[in-house]
Amino acid sequence: MELLKQLEVLDQELQKQYRSEDINFEQLATFLANREQLLHACMQASEIVASTEWQLAIARTQLIVEEMTELGQQFALDYQKLNHAKKSVQLYRKFQ
């Protein structure tokens, strides 16, 4: 059950990182890699997989995936807006 506690703490750090205004993507990648290793370690223990805490970890996983998907979509939208603005500025400069 120590693994599940480590996973819970890591999830809190991970969520804090990607919910912050200034995301450190290297740190985020490290958290995700560590989380993957912890999940694999947890799956090796049958007593963990059968526990209520494991079900909570699965629910957190789904939440993290959803939130990070939304974050990725927001980044894509922001990039698209930025690219459009850049083209508008270039067009404006042409006519100066």
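If you use numbering that gives the first Met the number 0, the sequence shown corresponds to residues 0 to 95, in order.
Even for Gly, the Cβ is constructed at its ideal location relative to N, Cα and C.
### Opening and closing residue of the alpha helix (DSSP H) in which E1 lies
E1 to R18
### Query
In or out: D21 buried (at least 16 other Cβ within 10 Å) or exposed?
exposed
### Task
State the Cα-Cα distance for the pair L90 and Q26, rounded to the nearest angstrom.
38 angstroms
### Task
Please report the residue range of the alpha helix (DSSP H) in which A75 lies.
T51 to K93
### Message
Please state the DSSP three-state secondary structure of A40.
### Response
helix
### I47 - containing alpha helix (DSSP H), residue span
S45 to V48
#### Entry: Residues near W53 by beta carbon distance below 6 angstroms, same chain, minus five either side
I47
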